[in-house]
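2 protein chains.
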Amino acid sequence: MTNAKRGRPVQYDREQALERASDLFWSAGFAATSLDDLSAATQMTRPSLAGAFGDKEALYIAALMRYRDASVDAMREILSGKRSLRTELAEVLDKATDVYMASADAARGCLLIGTASVEAVHRPAVRQVLQESLGAFNAVLEERIRNAIADGELDPEANAAGLASVTSAVMHSLAVRARAGEPRDALDKLSDVAVDLICRKRP
Amino acid sequence: MTNAKRGRPVQYDREQALERASDLFWSAGFAATSLDDLSAATQMTRPSLAGAFGDKEALYIAALMRYRDASVDAMREILSGKRSLRTELAEVLDKATDVYMASADAARGCLLIGTASVEAVHRPAVRQVLQESLGAFNAVLEERIRNAIADGELDPEANAAGLASVTSAVMHSLAVRARAGEPRDALDKLSDVAVDLICRKRP
DNA sequence: AGAATTATATGCGAATTCGTATAAATGTCG
DNA sequence: CGACATTTATACGAATTCGCATATAATTCT
């Protein structure tokens, strides 16, 4: 038996192509990004794109998932539990804001919140990825908060799920506000207040 | 001198046209809504649309502003100060969620957050409307919270601007999560926790 | 009544857009 | 070296999309 790859070998780098595609989707959104744009950015012809990823929606979803996986990993790393919850949460929000405002031009916010939200209504597959992704971020937060309760940094009766949900809400808002053009210090103020509120013990 | 309107009178109702246009933009977003769609929904021909509103972006912006003005008014009405801050904030979030999930089909969230965010990056005019709108909602919240501090419902040292910002964040998140397909009770839980957190007095 | 003014109706045209069909290229296996 | 498998290159076609150009309708002013 033989097991080597038959046929002409692929010339593109799948990961790199996804990254370039993400860049376009991230700033212009799904609907305003054409296959020609994607073809030019990835250096792949349209038939190659189709062969590698399927149609435009499939490529978009692959880009969303890659973004989410990397982002969830980065968040989990920060929330290692080595430092206080307060410190780690502040860093999560700070680093998220870095990403949301990273572009040299207008801030692009979060790929998922900023661009998948629009498509979610008419594209069930996108909606599902978005929902699952929001849930994934939230789960990481909730687990870390649960540990903080167990460690006594938060009150024993604190509501881990609820506090995680509020923390998620702040991230969603940072993403929206970044894309709306709000300045960095406005976003930082929100983060500061939120961390204070979330980490404050009961009266 | 004469001052009556010359020429053929307009047949369309500007307000109604804007409402119908908003409906399309709200569910499909700006980029995925064509002028033909808008023409069909408003019962106006494309030249009439152009004459009445300008190009597609101008029509979109008019729809955004109309939506914002109505929404800010509704919010201001609820935050009249006749009841406790806690009660009024809970109603704001509850009524907002009603709107975000009103559609018979997939939830559409907030027209501004759900659809203007994507366009904001490449369309400065949209970005400005979005930013101003977020600010307008926030200002109404902040004023009401300031009153609650003066009335003693909140601590005298409470940070009105900060608490308003967090309340805004929760609304942004409700809008995003609605569009992501999250169920009503998940949104309500977030609202409940947030109101508790925001209205809780210091330890 | 007729001229002037403004709105609506119809339709054209240039440009995009997306998927695929066909042909050429580049590798492996016998 | 030749048959086969798979990717890339080129190009086509059908459908949209948007703005405008031209023609028609409805109203007011003289």
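Protein chains in written order, with the working numbering: chain A, 94 to 296; chain B, 94 to 296.
No residue lacks a Cβ here, since even glycine has one placed at the ideal position from N, Cα and C.
N-terminal and C-terminal residue of the alpha helix (DSSP H) that residue i is part of
{"i": "L247 (chain B)", "result": "It is not in any alpha helix (DSSP H) - L247 (chain B) carries neither H nor E in the DSSP assignment."}
{"i": "V286 (chain B)", "result": "277-292"}
{"i": "H215 (chain A)", "result": "It is not in any alpha helix (DSSP H) - H215 (chain A) carries neither H nor E in the DSSP assignment."}
{"i": "T260 (chain A)", "result": "253-272"}
{"i": "R115 (chain B)", "result": "The question names Arg, but residue 115 (chain B) is Ser in the sequence shown. Note, S115 (chain B): alpha helix (DSSP H), 107-121."}
Helix, strand or coil at residue i [DSSP, three-state]
{"i": "D130 (chain A)", "result": "helix"}
{"i": "R101 (chain B)", "result": "coil"}
{"i": "T138 (chain B)", "result": "coil"}
{"i": "D187 (chain A)", "result": "helix"}
{"i": "V172 (chain B)", "result": "Residue identity check: residue 172 (chain B) is Leu in the sequence provided, not Val. Three-state DSSP puts L172 (chain B) in coil, outside helix and strand."}
{"i": "M158 (chain A)", "result": "helix"}
{"i": "D198 (chain A)", "result": "coil"}
{"i": "D166 (chain B)", "result": "helix"}
{"i": "A151 (chain B)", "result": "helix"}
{"i": "L241 (chain B)", "result": "Rather than Leu, the amino acid found at residue 241 (chain B) in this sequence is Ala. Helix."}
{"i": "A125 (chain B)", "result": "coil"}
{"i": "S226 (chain B)", "result": "helix"}
{"i": "S177 (chain A)", "result": "coil"}
For residue j and residue i, the rounded distance between their alpha carbons
{"i": "E108 (chain A)", "j": "A183 (chain A)", "result": "31 Å"}
{"i": "D129 (chain A)", "j": "N240 (chain B)", "result": "55 Å"}
{"i": "L205 (chain A)", "j": "S115 (chain A)", "result": "10 Å"}
{"i": "L157 (chain B)", "j": "V222 (chain B)", "result": "8 Å"}
{"i": "H215 (chain A)", "j": "G255 (chain B)", "result": "35 Å"}
{"i": "D106 (chain B)", "j": "A133 (chain B)", "result": "14 Å"}
{"i": "M194 (chain B)", "j": "R277 (chain B)", "result": "8 Å"}
{"i": "E246 (chain A)", "j": "K149 (chain B)", "result": "53 Å"}
{"i": "D162 (chain A)", "j": "R161 (chain B)", "result": "35 Å"}
{"i": "L227 (chain B)", "j": "L227 (chain A)", "result": "22 Å"}
{"i": "G174 (chain A)", "j": "R201 (chain A)", "result": "30 Å"}
{"i": "T198 (chain B)", "j": "G207 (chain A)", "result": "The identity of residue 198 (chain B) in the sequence shown is Asp, whereas the question assumes Thr. Going from the Cα of D198 (chain B) to the Cα of G207 (chain A) covers about 21 Å."}
{"i": "F146 (chain B)", "j": "A155 (chain B)", "result": "8 Å"}
Cβ distance (whole Å) where residue i is taken to contact residue j below 8 Å
{"i": "L152 (chain A)", "j": "L186 (chain A)", "result": "Contact flag wrong, Cβ pair sits at about 30 Å."}
{"i": "V259 (chain A)", "j": "L290 (chain B)", "result": "6 Å"}
{"i": "R237 (chain B)", "j": "L283 (chain B)", "result": "R237 (chain B) to L283 (chain B), Cβ: 20 Å. No contact."}
Residue i and residue j closer than 8 Å at C-beta
{"i": "V269 (chain A)", "j": "A287 (chain A)", "result": "no"}
{"i": "V211 (chain A)", "j": "V211 (chain B)", "result": "yes"}
{"i": "V165 (chain B)", "j": "F230 (chain B)", "result": "yes"}
{"i": "Q136 (chain A)", "j": "A273 (chain B)", "result": "no"}
{"i": "S120 (chain A)", "j": "S266 (chain B)", "result": "no"}
{"i": "A124 (chain B)", "j": "A213 (chain A)", "result": "no"}
{"i": "D244 (chain B)", "j": "K294 (chain B)", "result": "no"}
{"i": "L280 (chain B)", "j": "T190 (chain B)", "result": "yes"}
{"i": "A232 (chain B)", "j": "I242 (chain B)", "result": "no"}
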